[in-house]
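Heads up: the structure comes next, in structure tokens.
In my numbering, the protein residues as written are 1040 to 1335.
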């Protein structure tokens, strides 16, 4: 199984975004995603002791990127064939990273340091009987595992696509960070009941409504980010997660509270939103119109 096939089988809806990106970004985004997905796979290996998973993540962070090559033995307990192949491919992925220009290597290393910190925090914070995250802990966590990804995305665009935006760099970076955090809040809201069963309470009941407000606001910042992009292809690819995020929140709002089945946007609806978003490719002014319809 080659890297492209592994990517298709492990990235689910994000694969839609990756394959639509401008060629200058596609390979670097794909590589960063696969590296982060590999560490997440190890963090979620429930058949392995918590201490062993934490120790591996800490070692990977302290010896980045060479420590990633020691992940191959973790492929054995994986039930999903794509996840097994992903972990077996890590030596190749590490070699690909080494061959990237230094500015790209630095950006990927920075975002992976944040992601690993967030994954380690997640494992260490939720022991048996652990209380819910505080609001400060929640927002720090969603920054580490997703807000930092938004910053990486924006930095890579600035590096590889000069003049990619019509807005000020600081504003674009802030919007990208809030967009990433919002997408992670959507995931947390979607998976809240299942996470509670597993002993991970990211959101106490009293913060659920606030998290929904923050998620919607952050998705709006993501739409504003997209409207400032000069490339139609990049606008279209970058907006799709926001559209699906809004639709997911609508499903969460209408799902019976005791449900433990995560709300997912049906494939047919995903395809409809991909068609509805086509005008964004040709006109930045269409972003606001499409976003308003999706957020209703």
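All C-beta atoms, glycine included, are put in the ideal place defined by N, C-alpha and C. Everything numeric in this text was worked out from a predicted model, so none of it was measured.
According to the neighbour-count rule (16 or more other Cβ atoms, all chains shown, within 10 Å of its Cβ), is residue 1062 buried or exposed? Numbered from its first residue, the chain shown carries residue 1062 at position 23. When all chains shown are included, residue 1062 counts as exposed.
Of the residues 1194, 1217, 1138, which one's Cα is nearest the Cα of residue 1179? Mapped onto the chain shown, residue 1179 falls at position 140. The candidate whose alpha carbon is nearest that of residue 1179 is 1217.
C-beta atoms of residue 1049 and residue 1280 nearer than 8 Å: By 1-based counting over the chain shown, the position of residue 1049 is 10. By 1-based counting over the chain shown, the position of residue 1280 is 241. No, Cβ-Cβ distance for residue 1049 and residue 1280 is not below 8 Å.
Residues near residue 1251 by beta carbon distance below 6 Å, same chain, minus five either side: As a first step, residue 1251 must be located in the chain shown, where it is residue number 212. Once the five neighbours on either side are set aside, residue 1251 has no close Cβ partner at all.
How far does the alpha helix (DSSP H) with residue 1124 in it extend, from its first residue to its last? To locate residue 1124, count along the chain shown from 1; it is residue 85. Run containing residue 1124: 1120 to 1127, per the alpha helix (DSSP H) assignment.
Can you find the residues in the same chain that come closer than 8 Å, C-beta to C-beta, to residue 1118, ignoring five residues on each side of it along the sequence? Here residue 1118 refers to the residue found at position 79 when the chain shown is read from its first residue. Hits under 8 Å: none found.
Using only the alpha-carbon positions, how far apart do residue 1323 and residue 1199 sit? Position 284 of the chain shown, counting from 1, holds the residue named residue 1323. Position 160 of the chain shown, counting from 1, holds the residue named residue 1199. Roughly 20 Å separates the two Cα atoms.
What residue does the alpha helix (DSSP H) around residue 1191 start on, and which one ends it? Start at 1 with the first residue of the chain shown, and residue 1191 comes out as number 152. Element bounds for residue 1191: 1187 to 1199.
Inter-residue CB distance, residue 1326 and residue 1278 (contact presumed, cutoff 8 Å): For the purposes of this step, residue 1326 is taken as the residue at position 287 of the chain shown. For the purposes of this step, residue 1278 is taken as the residue at position 239 of the chain shown. So it is a contact: roughly 6 Å between Cβ atoms.
On the criterion of 16 or more Cβ atoms from any shown chain inside 10 Å, does residue 1041 qualify as buried, or is it exposed? For the purposes of this step, residue 1041 is taken as the residue at position 2 of the chain shown. Exposed, by the Cβ-count rule.
Based on Cα-Cα distance, which residue from 1072, 1066, 1244 lies nearest to residue 1052? Reading the chain shown from its first residue, position 13 is the one you call residue 1052. Closest option to residue 1052, Cα to Cα, is 1072.
Would you check if there are 3 or more beta carbon pairs closer than 8 Å linking the stretch 1079 to 1090 to the stretch 1158 to 1171? yes
Can you list, in chain order, the residues of its chain whose CB lies under 6 Å from that of residue 1221, leaving out five sequence neighbours each side? What you label residue 1221 is simply residue 182 of the chain shown in a count that begins at 1. So the list reads 1254, 1257, 1258, once near-sequence residues are dropped.
Hey, out of 1318, 1130, 1067, 1194, whose CA is closest to residue 1112's CA? Residue 1112 sits at position 73 when you count from the first residue of the chain shown. Taking only the C-alpha atoms, the option nearest residue 1112 is 1130.
Can you grab the Cα-Cα spacing for the pair residue 1321 / residue 1275, in whole Å? On the chain shown, residue 1321 is found 282 positions in, with the first residue counted as 1. On the chain shown, residue 1275 is found 236 positions in, with the first residue counted as 1. The straight-line gap from Cα to Cα measures roughly 9 Å.
What residues match up with residue 1268 in a beta bridge as DSSP calls it? Here the question's residue 1268 lines up with position 229 in the chain shown. Residue 1268 pairs with 1204.
Ignore the nearest five residues each way along the sequence and tell me which others in residue 1174's own chain have a CB closer than 7 Å to its CB. On the chain shown, residue 1174 is found 135 positions in, with the first residue counted as 1. Here the set comprises 1246.
Segment limits, alpha helix (DSSP H) that includes residue 1053: Here the question's residue 1053 lines up with position 14 in the chain shown. DSSP places residue 1053 in the uninterrupted alpha helix (DSSP H) bounded by 1053 to 1059.
Closest by C-alpha distance to residue 1229, when choosing among 1197, 1187, 1098, 1286: Numbered from its first residue, the chain shown carries residue 1229 at position 190. Minimum Cα distance to residue 1229 is reached at 1286.
Given residue 1109 as reference, the closest of 1116, 1093, 1126, 1121 once Cα atoms are compared: Indexing the chain shown from 1 puts residue 1109 at position 70. Answer by Cα proximity: 1126.
In angstroms, rounded to a whole number, what distance separates the CA positions of residue 1333 and residue 1291? For the purposes of this step, residue 1333 is identified with residue 294 of the chain shown, where counting begins at 1. For the purposes of this step, residue 1291 is identified with residue 252 of the chain shown, where counting begins at 1. Distance between the alpha carbons of residue 1333 and residue 1291 is about 14 Å.
For a minimum of 4 consecutive residues, which ranges assigned as the alpha helix (DSSP H) are wholly contained in the stretch 1124 to 1188? 1129 to 1137, 1141 to 1164, 1174 to 1181
Whole-number beta carbon distance between residue 1177 and residue 1153, since they are thought to touch under 8 Å: For this step, residue 1153 is matched to residue 114 along the chain shown. For this step, residue 1177 is matched to residue 138 along the chain shown. Taking C-beta atoms under 8 Å as the contact rule, residue 1153 and residue 1177 fail to qualify, at a distance of about 16 Å.
Is any heavy atom in the ligand FMN found nearer than 7 Å to the beta carbon of residue 1205? Among the components of this structure there are no ligands whatsoever, and the ligand FMN is therefore not found.
Residues in the same chain with beta-carbon distance under 7 Å from residue 1194, minus the five sequence neighbours each way, listed in chain order, please. For the purposes of this step, residue 1194 is taken as the residue at position 155 of the chain shown. Same-chain partners within the cutoff: 1146.
Are the CB atoms of residue 1151 and residue 1074 nearer to each other than 8 Å? Numbered from 1 along the chain shown, position 112 holds the residue referred to as residue 1151. Numbered from 1 along the chain shown, position 35 holds the residue referred to as residue 1074. Yes, the Cβ-Cβ distance between residue 1151 and residue 1074 is below 8 Å.
Hey, how far is the Cα of residue 1124 from the Cα of residue 1044? The residue given as residue 1124 occupies position 85 in the chain shown. The residue given as residue 1044 occupies position 5 in the chain shown. Looking at the two C-alpha atoms, the distance is approximately 10 Å.
With H, G and I counted as helix, E and B as strand and the rest as coil, what does DSSP make of residue 1078? One-based indexing of the chain shown puts residue 1078 at position 39. Note: residue 1078 maps to helix in three-state DSSP.
Could you pull out every residue in the same chain whose Cβ sits closer than 6 Å to the Cβ of residue 1299, ignoring the five residues on either side in sequence? In the chain shown, the residue the question calls residue 1299 occupies position 260. Same-chain partners within the cutoff: 1232, 1233.
Determine the direct distance from the alpha carbon of residue 1149 to that of residue 1284, and round the result to whole angstroms. Position 245 of the chain shown holds residue 1284. Position 110 of the chain shown holds residue 1149. Approximately 26 Å, taken between the alpha carbons.
With a threshold of 8 Å on Cβ separation, who are the neighbours of residue 1319 within its own chain once the five nearest residues in sequence on each side are excluded? For the purposes of this step, residue 1319 is identified with residue 280 of the chain shown, where counting begins at 1. If we look at residue 1319 and ignore the five residues flanking it on each side, its Cβ neighbours are 1265, 1271, 1274, 1275, 1278, 1325, 1326, 1329.
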